[in-house]
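Residue numbers (the numbering used here): 1 to 471.
Heads up, the beta-carbon is just placed ideally off N, CA and C, and yes, glycines get one too.
Bear in mind the structure is a predicted one, so any value in this text is a computation, not a measurement.
Heads up: the structure comes next, in structure tokens.
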Amino acid sequence: MKMLLNGEWVDRGDKIEIRDPFDDSLVDMVPRANEGDVNIAFKAADKGYREGKSMTVFDRAQILNKTAAIVSDNLEDFAVLIAREASKTIREARKEVSRCVNTLTVSAEESKRILGETIPFDSFPGGEQRRGYYYRFPIGVILAITPFNDPLNLVAHKLGPAIAAGNSVVLKPATVTPLSALKLAEAFLEAGLPPQMLQVVTGIGSEIGDSLVRSEIPRMISFTGGVEAGKRIASLAGIKKMGMELGSDSPVIVWKDADIDWAVESCVSGAFWAAGQNCIGVQRLYVHKEIYKVFRNKFVARTDKYKIGDKLQEDTDMGPMITEMEAQRVEEWIQEAVKRGAVVLTGGKRKGALVEPTVLEEVPKGARLHCEEVFGPTVNLYMVDNLDRAVDKANSLPFGLHAAIFTRDVNVAFKAAYGLDCGGVMINESTDYRLDSMPFGGVKYSGLGREGIKFSLQEMTEPKVVCFYIK
Ligand code: NAP
1 MKMLLNGEWV DRGDKIEIRD PFDDSLVDMV PRANEGDVNI AFKAADKGYR EGKSMTVFDR
61 AQILNKTAAI VSDNLEDFAV LIAREASKTI REARKEVSRC VNTLTVSAEE SKRILGETIP
121 FDSFPGGEQR RGYYYRFPIG VILAITPFND PLNLVAHKLG PAIAAGNSVV LKPATVTPLS
181 ALKLAEAFLE AGLPPQMLQV VTGIGSEIGD SLVRSEIPRM ISFTGGVEAG KRIASLAGIK
241 KMGMELGSDS PVIVWKDADI DWAVESCVSG AFWAAGQNCI GVQRLYVHKE IYKVFRNKFV
301 ARTDKYKIGD KLQEDTDMGP MITEMEAQRV EEWIQEAVKR GAVVLTGGKR KGALVEPTVL
361 EEVPKGARLH CEEVFGPTVN LYMVDNLDRA VDKANSLPFG LHAAIFTRDV NVAFKAAYGL
421 DCGGVMINES TDYRLDSMPF GGVKYSGLGR EGIKFSLQEM TEPKVVCFYI K
């Protein structure tokens, strides 16, 4: 596929190969963008912004609805593309496509609710002759940088609200998964989006990232990815608005009165969805000691039933990690934890990019599996017996995206909901739940600001005051 620059599908001699991590087969190639391409993209986006802000809300909403319809009509093609270029199984990929349709549809709806207010200028002496209001206008060119794990819907989370508000976008998708983003860009153009409102630059972050981020043309960077890249971007960005959706190592408390079977079902899925490459994937499970053994045995038995392998087979539960290198990293982290005293209850082995779903206990505090985001199919079990201490343990790391608790006691649920430091607390469900229109984001190193269409629209627009002096 080609990249989208200044209204044209552009190729380059230098290419990036997109390979299916399951069997290393070549899926496609995309151009390897250079700094010159970055400049072309921003210049075009600057013009695109002027077009976007003069478009009517009706037209923007029509384009978003049409794009949603195109994605919906081609759901299976999008799903197969996600399943081939990324880690997801075909069933996981279909779910992502249907979420993308929702993200775009809600963006169309929310474009009609970008509201202002009248301002009571006469609320302070001297303002008697003034009347006015504020309205929200698009912030300008937005640089959107997206990760590999939801290669379609997380792109839609940038493009949907940005276009709903009338901004233009320069999108840099993850190097390993640019195809779903390009196919979505095709859908936007087919739906009638003025081409200069969207540029898609397919390049490598370590090569073109700095020039993208340092450019003075974008007024906002909307980044989803890891903490390290986030820190570098923040250090180079200069004076621009910044939205950061970063990683986590989500904790779940399973209290003694929990519905154990449901907690097991929900947490196994939450730990191993997308082979654990999920920013709200379950990484740490704090289980009450009275139910620990029963929970552990059921959890391991359910994990053992997981079928791993070919992503395109309907009955596969979990696919490979995004690259063999990433799988090797997770294997090393498991071995490091074991050397430090952790016990593998099931899994732990790797073949190519496939890592078995792995359950561990007694993972010590210093192990990377405990204190860093694993972003892989492993989960740690810990025994707890006191709610305050469980909440403290859950809060003890420098992340805070989602946390969860399973309990039938509303007082316990309330206490946990208020005590857990994070952007969202799930009660009687694993951390792996997100509605695309809810406010989504984290505290500490998990991020800055919130996404979730209405909330992204606040970040991607600014208020302008209009004040009439009446003689
Ligand atoms: P990543 O390595 O940080 O990459 C994310 C994006 O940033 C990619 O497009 C990458 O390009 C680009 N990038 C890397 N270095 C850059 C630089 N110096 N300047 C500009 N761009 C740069 O993350 P990932 O491995 O793709 O995704 C996994 C991470 O994303 C995890 O930490 C996960 O928790 C997080 N995540 C967070 C959320 C959320 O909503 N909070 C959602 C999903 C994922 P290249 O691909 O070319 O390196």
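Cβ pair A367, V282 closer than 9 Å
The Cβ atoms of A367 and V282 do not sit closer than 9 Å to each other.
What is the residue span of the alpha helix (DSSP H) that G36 lies within?
Unbroken alpha helix (DSSP H) run through G36: E35 to S54.
Taking 8 Å as the threshold, find out whether the segment 43 to 50 comes into contact with the segment 23 to 35 through three or more Cβ pairs.
Touching, no, given that fewer than three Cβ pairs across the two stretches are closer than 8 Å.
Could you tell me which residues DSSP pairs with F137 in its beta bridges?
According to DSSP, residue pairing for F137 in a beta bridge involves E462.
Rounding to the nearest angstrom, what Cα-Cα distance links L198 and L179 in this structure?
Rounded to the nearest angstrom, the gap between the Cα atoms of L198 and L179 is 15 Å.
Closest to N98 by CA distance: which of S235, A185 and D436 is it?
One point to set straight first is that residue 98 is Ser, not Asn, in the sequence displayed. Looking only at S235, A185 and D436, the smallest Cα-Cα distance to S98 is reached by D436.
Rank D23, S456 and R302 by C-alpha distance to the C-alpha of S266 and give the top, closest one.
Comparing alpha-carbon positions, the option among D23, S456 and R302 lying closest to S266 turns out to be R302.
Run the proximity test for F148: is its beta-carbon closer than 8 Å to any non-hydrogen atom belonging to the ligand NAP?
Distances from the CB of F148 to the heavy atoms of the ligand NAP include at least one below 8 Å.
Residues of its chain near A156, where Cβ-Cβ distance is below 7 Å and the 5 sequence neighbours each way are ignored:
Leaving aside the five residues that flank A156 on each side, the residues in its chain whose CB is nearer than 7 Å to its CB run, in chain order, C100, T103, L104 and L184.
With S72 as the anchor, note down where its alpha helix (DSSP H) starts and where it stops.
Unbroken alpha helix (DSSP H) run through S72: V57 to D73.
Rounded C-beta distance between E96 and I453? I'm assuming under 8 Å.
With a beta-carbon spacing of about 16 Å, E96 and I453 fall beyond the 8 Å limit used to define contacts.
Per DSSP, Y382 is paired with what?
Paired residues: Y286.
Who pairs with E361 in a beta bridge, going by DSSP?
Beta-bridge annotation (DSSP): E361 is paired with V343 and L381.
C-alpha gap between R214 and Q62, whole angstroms:
Cα-Cα distance, rounded: 34 Å.
Within the continuous alpha helix (DSSP H) that includes I90, where are the two ends?
Residues I90 to S111.
Any heavy atom of the ligand NAP closer than 8 Å to the Cβ of F229?
Sequence inspection shows Ala at residue 229; the Phe mentioned does not correspond to that position. At least one heavy atom of the ligand NAP falls within 8 Å of the beta-carbon of A229.
Kindly indicate which three-state DSSP category G243 falls into: helix, strand or coil?
When DSSP states are grouped into helix, strand and coil, G243 belongs to the strand group.
For N153, is the classification buried or exposed, using 16 other Cβ atoms within 10 angstroms of its Cβ as the cut-off for buried?
Result: buried.
Buried versus exposed, by CB contacts within 10 Å (16 or more), P31:
The residue in question, P31, is buried, as its Cβ has 16 or more Cβ neighbours within 10 Å.
Quick one: measure Cβ to Cβ for R258 and F406, integer angstroms, because I've assumed they're closer than 8 Å.
The residue you asked about is not Arg; residue 258 is Ala in the sequence shown. Going by Cβ atoms, the distance from A258 to F406 rounds to 4 Å, so yes, they are a contact pair.
Return the chain-ordered list of same chain residues with a C-beta closer than 7 Å to the C-beta of V379, the five sequence neighbours on each side being excluded.
Closer than 7 Å at Cβ, skipping near neighbours: A271, V282, Q283, L285 and V359.
Taking the DSSP output, what are the residues bridged to T316?
In the DSSP output, where bridge partners are listed per residue, T316 has none listed.
Taking DSSP's pairing of strands, which residues face D28 in a bridge?
I18, per the DSSP bridge assignment.
According to DSSP, is A403 helix, strand or coil?
Note: A403 maps to strand in three-state DSSP.
Closer than 8 Å: A33 CB and nearest the ligand NAP heavy atom:
No, since every heavy atom of the ligand NAP falls outside the 8 Å radius drawn around the Cβ of A33.
Are V338 and V344 closer than 9 Å when you measure CB to CB?
In this structure, V344 lies closer than 9 Å to V338 by Cβ.
Going by DSSP in three states, V425 sits in which element: helix, strand or coil?
Assigned with DSSP and collapsed to three states, V425 falls in strand.
Within 10 angstroms of its Cβ, does S107 collect 16 or more other Cβ (buried), or is it exposed?
The residue in question, S107, is buried, as its Cβ has 16 or more Cβ neighbours within 10 Å.
Thinking C-alpha only, which one of M3, A162 and P120 is nearest V466?
Nearest neighbour of V466 by Cα position, chosen from M3, A162 and P120, turns out to be P120.
Does any CB atom of chain B fall closer than 9 Å to the CB of G226?
You won't find chain B in this structure, because it holds only one protein chain.
For F148 versus Q277, is the C-beta spacing smaller than 9 Å?
The answer is yes: Cβ separation under 9 Å.
Range covered by the beta strand (DSSP E) that runs through F295
Here F295 belongs to no beta strand (DSSP E); instead the alpha helix (DSSP H) covers Y292 to D304.
Start and end of the alpha helix (DSSP H) containing I280?
Neither: I280 is in no alpha helix (DSSP H) and is coded neither H nor E.
Specify whether the segment 136 to 147 and the segment 159 to 169 touch according to this definition: at least 3 beta carbon pairs, one from each stretch, less than 8 Å apart.
Yes, they touch.
Start and end of the beta strand (DSSP E) containing E8?
That run of the beta strand (DSSP E) goes E8 to V10.
Which same chain residues end up closer than 7 Å to E462 when comparing Cβ atoms and leaving out the 5 residues on each side of it in sequence?
Excluding its 5 nearest sequence neighbours in each direction, E462 has C-beta neighbours in its own chain below 7 Å: R136, F137 and I139, listed in chain order.
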